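Enquirer: Residue numbers for the sequence shown follow the numbering used here, beginning at 1 and rising by one.
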Amino acid sequence: MLTQPYSRSYVRALYDRPLLQLIDDARDVHRRHHADNEVQLCTLLSVKTGGCPEDCSYCPQSSKYDTSVEPEKMLDVDGVLKSAERARELGATRFCMGAAWREVKDGPAFDRVIEMVRGVKALGLEACVTLGMLNDAQAQKLKAAGLDAYNHNLDTSRENYKSIIRTRTFDDRLRTLDSVRNAGITVCSGGIIGMGESIDDRCEMLRTLANMTPPPESVPINALVPVPGTPLESAKPVEPFELVRMIAVARILMPKTRVRLSAGRAEMSREAQALCMLAGANSLFYGEKLLTTPNPSGDEDTALLRDMGLTVEAPAAYSPPVAAASVERHSPPAAAGSLTEAYSA
Ligand code: SAM
Ligand code: DTB
Ligand code: SF4
C-alpha cells in the first residue's frame with residue numbers, strides 16, 4: 001500500500017498512454033473496487049436558480065452575464081420533496097440540490113435547505129447539496145440534518161483557476177472542502193473540461209483531487225455545456241476520447257471513488273457514453289435537466305442502461321470516509337514511469 005502523493009509527471013504519463021491500454025488499466029482497477037455493471041443514478045434539482053454574484057466563466061447562473069436564465073425565488077420544501085419522490089420513483093438513489101449562491105449565509109434560506117435535506121433523507125435517498133462556500137459550523141449543521149455529500153468542484157487546475165473565476169480563489173475552494181470533510185460529510189468534487197485549459201491543467205486538477213487524504217468519495221467530470229451569453233459560449237466542443245481519458249485517469253488514481261459522467265451527455269452519442277463507463281464512470285446525472293441545461297431524457301437513459309445491461313446501485317452502498325492512513329493508491333503501470341518518478345511530490 002502506497003501513500004505518497006502522485007507526481008505531475010506520473011499523472012501526465014498515465015493520461016498520454018495509448019487509449020486502449022489506459023482503458024484496460026482503468027477496467028482492471030474498476031473491477032477490483034466496484035461491482036461491475038452497476039451505476040449510481042443521481043437526480044439534480046436547482047432549488048435557487050440564477051442571480052449569483054460570482055463570475056464563473058462557464059456558468060449561466062452568474063448575474064455578470066446576460067443569459068436566458070432569470071433569477072428565481074427559492075423553491076419551497078414541499079415542492080422539492082415532491083421532485084425528490086418522483087426522482088426516487090424513476091430510479092434515482094441520490095438527490096442533489098443546487099443553489100446559485102457564492103456562499104451559505106445563516107438564516108431562513110439555509111434553514112430551508114436543512115429542512116430539504118431532512119425530507120430527502122426521510123425518503124430513503126442519499127442527500128447531496130451544492131451551495132457554494134461554507135464554514136465549519138454550517139457543515140456541521142448539514143451533517144446533523146443527515147446530509148451524505150457536499151458537491152464543491154475544483155473545476156480546473158490551481159494555475160488555470162484565475163482565468164476562469166476571479167471572484168474567489170482555488171484556496172477558498174479547498175477551505176470549504178476541508179470544512180465538509182471535517183464535519184464527516186462525504187466530498188463530491190471534480191471539474192469541467194472544454195474551457196480552453198491545457199491537458200496539463202486537466203491532469204493537475206485530477207492530481208489535486210487524488211492527493212487529498214482521503215480522495216473525494218465522488219468526482220464529477222463535466223464537459224462544458226457552452227451557454228450563450230457566458231464568456232465560454234463559443235468554446236470548442238469536447239472531443240469524447242478526451243473525456244474518456246479523464247475518466248480513466250480518475251478511476252486509476254482514485255480506485256474507490258464514484259466517478260460521475262456529468263454535464264455534457266446531451267451532446268454525446270450512446271457509444272461515447274458507453275466508452276466512458278467502460279473507462280470507469282459508475283455514476284450519472286439522471287433526469288431531463290441538469291440545473292438549468294438539458295440532460296438526456298429518462299427514457300433515453302433507461303434504454304442506454306438496458307442495452308448495456310447495467311443495474312442501478314442501491315442507496316448508501318458506499319462505506320463511510322476512510323482514514324487517511326488506509327487510503328490505497330494504485331501502483332503505476334510499468335510504462336507510465338518508475339515508482340520514484342510516480343510518487344515524487
Ligand atoms: N454555486 C455553487 C458552486 O459554484 O459551487 C453550486 C452550483 S454550481 C452550478 C455547480 C457546478 O456546476 C460548478 O462548479 C461547475 O462545475 C458546474 N457547471 C456550471 N455550469 C456548467 C456548464 N455550463 N457546463 C458544465 N458544468 C457546469
Ligand atoms: C456537477 O459537477 N455538475 C452538476 C452538479 N455538479 C451540481 C451541475 C452541472 C451544471 C451544468 C449547467 C447547468 O445545467 O446549469
Ligand atoms: Fe454561482 Fe456556482 Fe454558477 Fe459560479 S458556478 S456563478 S458560484 S452558481
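Here a beta-carbon is modelled for each residue, glycine too, at the ideal position from N, C-alpha and C. What you are looking at is a predicted structure, and each value in this text was computed from that prediction instead of being measured.
If you follow the alpha helix (DSSP H) that Ser83 is part of, which residue opens it and which one closes it?
Expert: 77-90
Enquirer: Report yes if the CB atom of Thr67 is closer than 8 Å to the CB atom of Pro228, and no otherwise.
Expert: yes
Enquirer: So does the stretch 264-272 actually touch the stretch 228-246, counting three or more Cβ pairs closer than 8 Å?
Expert: yes
Enquirer: Using the three-state DSSP reduction, which class does Asn182 fall into: helix, strand or coil?
Expert: helix
Enquirer: From Asn222 to Ile193, what does the alpha carbon distance come to, in whole angstroms?
Expert: 6 Å
Enquirer: Does the Cβ of Val259 lie closer than 7 Å to at least one heavy atom of the ligand SAM?
Expert: no
Enquirer: For the ligand DTB, is there any heavy atom lying closer than 7 Å to the beta carbon of Ala263?
Expert: Within the cutoff, so yes.
Enquirer: By Cβ distance below 7 Å, which residues in the same chain neighbour Trp101 in space, the five residues on each side in sequence not counted?
Expert: Lys48, Cys52, Leu131, Gly132
Enquirer: What three-state label does DSSP hand Glu115 in the structure shown?
Expert: Residue state, collapsed to three classes: helix.
Enquirer: Which residues have a Cβ closer than 5 Å to any heavy atom of the ligand SF4, listed in chain order?
Expert: Listed along the chain, these residues meet the criterion: Cys52, Glu54, Cys56, Cys59, Gln61, Ser62, Ala100.
Enquirer: In the DSSP assignment, what are the bridge partners of Gly191?
Expert: Asp155, Ile221
Enquirer: Going straight from the alpha carbon of Cys56 to that of Glu313, what length do you get?
Expert: C-alpha separation (whole angstroms): 33 Å.
Enquirer: Any idea what DSSP makes of Leu174, helix, strand or coil?
Expert: helix
Enquirer: Under the three-state reduction of DSSP, which class applies to Ser9: helix, strand or coil?
Expert: In this structure, DSSP gives Ser9 a helical state, which the three-state scheme calls helix.
Enquirer: Nearest-angstrom Cα distance between Glu300 and Arg94?
Expert: It is roughly 19 Å from the alpha-carbon of Glu300 to the alpha-carbon of Arg94.
Enquirer: Is it right to say Glu89 is buried, meaning 16 or more other beta carbons lie within 10 angstroms of its own, or is it exposed?
Expert: It counts as exposed.
Enquirer: Using the three-state DSSP reduction, which class does Cys96 fall into: helix, strand or coil?
Expert: strand
Enquirer: Between the C-alpha atoms of Gln4 and Gln21, what's the straight-line distance to the nearest angstrom?
Expert: 24 Å
Enquirer: For Leu134, which of helix, strand or coil comes out of DSSP?
Expert: The answer is coil: DSSP assigns Leu134 none of H, G, I, E or B.
Enquirer: So who's on the other strand from Lys289, going by DSSP bridges?
Expert: Pro294
Enquirer: Tell me which same chain residues have a C-beta within less than 7 Å of the C-beta of Asn282, skipping the five on either side of it?
Expert: Around Asn282, the same chain offers His34, Glu38, Val39, Gln40, Arg258, Val259 as residues with beta carbons nearer than 7 Å, after the five sequence neighbours per side are excluded.
Enquirer: Below 7 Å, is the gap between the Cβ of Pro220 and the nearest heavy atom of the ligand DTB?
Expert: yes
Enquirer: Out of curiosity, what's the CA-to-CA distance linking Gly196 and Met246?
Expert: 15 Å
Enquirer: Comparing alpha-carbon positions, which option in Asn182, Leu177, Ser198 lies nearest Cys188?
Expert: Leu177
Enquirer: Identify the residues that DSSP records as bridge partners of Gln40: which are they?
Expert: Ser283
Enquirer: Going by beta carbon distance, what residues of the same chain come within less than 6 Å of Arg87, once the five residues before and after it are set aside?
Expert: Checking the displayed sequence, the identity of residue 87 turns out to be Ala instead of Arg. Taken in chain order, the residues that qualify are Thr43, Phe95.
Enquirer: Compute every distance between the C-beta of Ile192 and the non-hydrogen atoms of the ligand SAM, then say whether any falls below 7 Å.
Expert: For the ligand SAM, at least one heavy atom lies less than 7 Å from the Cβ of Ile192.
Enquirer: Rounded to whole angstroms, how far is the Cβ of Ala127 from the Cβ of Val113, which I believe are closer than 8 Å?
Expert: No, Ala127 and Val113 are not in contact; Cβ-Cβ is about 10 Å, not under 8 Å.
Enquirer: Tell me whether Ala324 sits in a helix, a strand or coil according to DSSP, three-state version.
Expert: Confidence at Ala324 is low in this model, with a pLDDT of 35, below 50, so its placement is unreliable and the value that follows should be read with caution. Ala324: helix per DSSP, three-state reduction.
Enquirer: Should Thr230 be labelled buried (16 or more other beta-carbon atoms within 10 Å of its own) or exposed?
Expert: Thr230 sits buried, since 16 or more C-beta atoms from the chains shown fall within 10 Å of its C-beta.
Enquirer: Looking at Ala248: is its Cβ nearer than 8 Å to the Cβ of Leu206?
Expert: Not a contact, by the Cβ cut-off of 8 Å.
Enquirer: Given that a residue counts as buried once 16 or more other Cβ atoms are within 10 Å of its Cβ, and exposed if not, what is Gly184?
Expert: exposed
Enquirer: Under DSSP, the beta strand (DSSP E) around Leu310 begins and ends at which residues?
Expert: Per DSSP, Leu310 belongs to no beta strand (DSSP E) and is neither H nor E.
Enquirer: Based on Cα-Cα distance, which residue from Ser9, Ile23, Ala92, Tyr10 lies nearest to Leu243?
Expert: Ile23
Enquirer: In whole angstroms, give me the CA-to-CA distance for Arg173 and Val180.
Expert: 11 Å
Enquirer: Assuming the contact rule is C-beta atoms closer than 8 Å, Pro215 and Met254 should be a hit. Round their C-beta distance to whole Å, please.
Expert: The beta-carbon separation of Pro215 and Met254, rounded to 4 Å, stays under the 8 Å limit for a contact.
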